[in-house]
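Quick note: the sequence shown uses the working numbering, first residue 7, plus one each step.
Glycine included, C-beta positions come from ideal geometry on N, C-alpha and C.
Down below is the structure, laid out as structure tokens.
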Amino acid sequence: MTPRPDDQTVRLPTVRLATVAVVISVIVGGGWLAAVLAGGGPRVLALGGLAAAGAVGVASVVALFAIQPWHERSVYVWPAVWLLGTYIRLVLALAGAFLLYSATPLSSRGVWLAAALTYVAVMVGESRVYVTSMRSMTRVETDPPEDSAPE
Numbered sequence: 007m008t009p010r011p012d013d014q015t016v017r018l019p020t021v022r023l024a025t026v027a028v029v030i031s032v033i034v035g036g037g038w039l040a041a042v043l044a045g046g047g048p049r050v051l052a053l054g055g056l057a058a059a060g061a062v063g064v065a066s067v068v069a070l071f072a073i074q075p076w077h078e079r080s081v082y083v084w085p086a087v088w089l090l091g092t093y094i095r096l097v098l099a100l101a102g103a104f105l106l107y108s109a110t111p112l113s114s115r116g117v118w119l120a121a122a123l124t125y126v127a128v129m130v131g132e133s134r135v136y137v138t139s140m141r142s143m144t145r146v147e148t149d150p151p152e153d154s155a156p157e
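In structure tokens:
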């Protein structure tokens, strides 16, 4: 593929993306655990949600490393790579939740609901970091060139 004349290559903030995934997973898992135990719910429901949040956190970090955000890529290529990472995260998160559901005596409601909550929260958090970093690293001209200004 021939590079475009205005092609700019950037790297994504790997540490920040991984930190967001882990911190959000811990917050959702801890919040799930606290909410279920404070509401008098069964312990198996609380543990199922906590385990599912952990599985989604691991899936998110693995998907992040699969797209290798520390490599420089064109700003035109990153959206497709980011979408690939999102699909990898989805497949791994579903696989992890299914394994928890089928191989453990944990509550299925807790596993699936906490996995969905954690997945959405991590996706929103990582997407915010991605968009912010892409905006700050790319050139954007907001003013028209001087020679094309109306007189």
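From the options, residue whose alpha carbon lies closest to that of residue i
i, options, result
"Y136", "A120, T15, R22", "R22"
"T124", "P19, T20, S139, V32", "V32"
"T25", "R134, M140, P111, P85", "R134"
"L106", "Y82, Q74, W84, L53", "L53"
"W88", "I73, E78, L98, L96", "I73"
"A41", "R79, R141, A120", "A120"
"G47", "I30, S113, R141", "S113"
"T92", "S108, V126, A109", "V126"
"M143", "I30, R49, L39, R79", "R79"
Residue-chain proximity (residue i, chain C), Cβ-Cβ < 8 Å
i, result
"A122", "Protein chains in the displayed structure number just one, and chain C is not present."
Residues of its chain near residue i, where Cβ-Cβ distance is below 8 Å and the 5 sequence neighbours each way are ignored
i, result
"A27", "G63, S66, V67, L70, V128, G131, E132"
"R115", "L51, G54"
For residue i: DSSP bridge partner residues
i, result
"T15", "S80"
Cβ separation of residue i and residue j, assumed to be a contact under 8 Å, to the nearest whole Å
i, j, result
"G81", "Q14", "The sequence shown places Val at residue 81, rather than the Gly named in the question. That pair is a contact at about 5 Å."
Same chain, Cβ closer than 7 Å to residue i, neighbours up to 5 away in sequence not counted
i, result
"R95", "A65, S66, A69"
"L90", "I73"
"W76", "R17, T20"
"L98", "A65, V68, A69"
Same chain only: Cβ atoms within 6 Å of residue i, ignoring 5 sequence neighbours per side
i, result
"L43", "A52"
"L39", "A52, L56"
Original post:
Touching or not, the segment 59-69 and the segment 100-115, by the rule of three or more beta carbon pairs under 8 Å?
Top reply: yes
Original post:
Okay, do the segment 33-41 and the segment 51-59 touch, 3+ Cβ pairs below 8 Å being the bar?
Top reply: Short answer: they touch.
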